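Per this note's numbering: the sequence shown ends with 350, consecutive numbering throughout. Note that beta-carbon positions come from the ideal geometry of N, C-alpha and C, so glycine has one too. Note that the structure is predicted; figures quoted are calculated from it, not measured.
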Amino acid sequence: MEKTTDNHLLKFCVEVILQVLKLTDNKIKQLREIGDLSGAEILEKDVIEKYEKLYGGLTGEGIKEFKEEELKGIREHIENIMIKNNLSKEYIESQVALREKLKGDSGAEVIKRFFQYEKKELEKTKYDLLEKVSKVLDEEERVSMLMKNAIQEEEQIEYIYQLQPIREKYRELESKIFKVQDKLDLLKKKLDSEWYYEIYGTVSKDEMLKTYNEVMKKD
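Structure representation (structure tokens):
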């Protein structure tokens, strides 16, 4: 029996996983707000990673290999997940319908575009920092060459003093680049994983923008 990727059973299973990921993501944010970083890390490792793999398995290319009867077997596992997370069948069905209704005009599109914009801005920041690093390295090479060609010891010492702030500047820029790269890696993961923005697929675009603007005003 052939399987189609738009059948209702598959959408139901995916919705359950997205709801669990959304609930867990909100819990992680709450834990971080109160400073419980270890609790947040435990949830990320024990829950997020597990359900992220499940989501990938239900939405990736491999799903094309599933037959309808195999999906029914997965459904049993999904039902256990629903019980564990207090998610009713009626609620999931309502969210599946809402996601279909808002498709192309939901909060998922807002968050995805935000991630893409932030990624673009960080890439620009990284490029600017690398340009500065290049200039610092050129200056270091210039002073190092002068020091190498200096005859008097006093001259060599003077160039050594000149090199210190140059190398400090390099370390400062290097640290900034590492931080920017970490943020870029996280954004790439969020965009590639998809669920980070798809969890908002049951929220309207207008509602998502309103919430975002309210948060920005508080900041």
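Asked: Nearest candidate by alpha-carbon position, reference residue 239, set 336, 345, 173; Found: 336
Asked: Presumed contact (8 Å Cβ cut-off) between residue 147 and residue 213, rounded CB distance; Found: 6 Å
Asked: Segment contact, 8 Å Cβ cut-off, at least three pairs: the region 288 to 298 with the region 266 to 274; Found: yes
Asked: Between the CA atoms of residue 200 and residue 222 - distance to the nearest angstrom; Found: 24 Å
Asked: Exposure label - residue 283; buried when at least 16 CB within 10 Å; Found: exposed
Asked: Reduced DSSP secondary structure (H/G/I, E/B, other) of residue 237; Found: strand
Asked: Limits of the unbroken alpha helix (DSSP H) element including residue 216; Found: Element bounds for residue 216: n/a, residue is neither H nor E.
Asked: Element boundaries [alpha helix (DSSP H), containing residue 331]; Found: No alpha helix (DSSP H) holds residue 331; DSSP gives it neither H nor E.
Asked: Per-residue burial, residue 237 [other beta carbons within 10 Å of its own, 16 or more giving buried]; Found: buried
Asked: Rounded separation between residue 203 and residue 235 - CA only; Found: 28 Å
Asked: Contact check, residue 167 vs residue 330, beta carbons under 8 Å; Found: no
Asked: Coil, strand or helix - residue 138 by DSSP; Found: coil
Asked: Coarse secondary structure for residue 339, derived from DSSP in three states; Found: helix
Asked: Start and end residues, alpha helix (DSSP H) containing residue 293; Found: 284 to 324
Asked: Distance between beta carbons of residue 307 and residue 260, contact taken as under 8 Å; Found: 6 Å
Asked: Own chain residues within Cβ distance below 8 Å of residue 135, not counting five before or after; Found: Confidence at residue 135 is low in this model, with a pLDDT of 43, below 50, so its placement is unreliable and no value can be given for it.
Asked: Assigned exposure category for residue 141 - 16 Cβ within 10 Å defines buried; Found: buried
Asked: Residues of its chain near residue 227, where Cβ-Cβ distance is below 8 Å and the 5 sequence neighbours each way are ignored; Found: 139, 142, 143, 146
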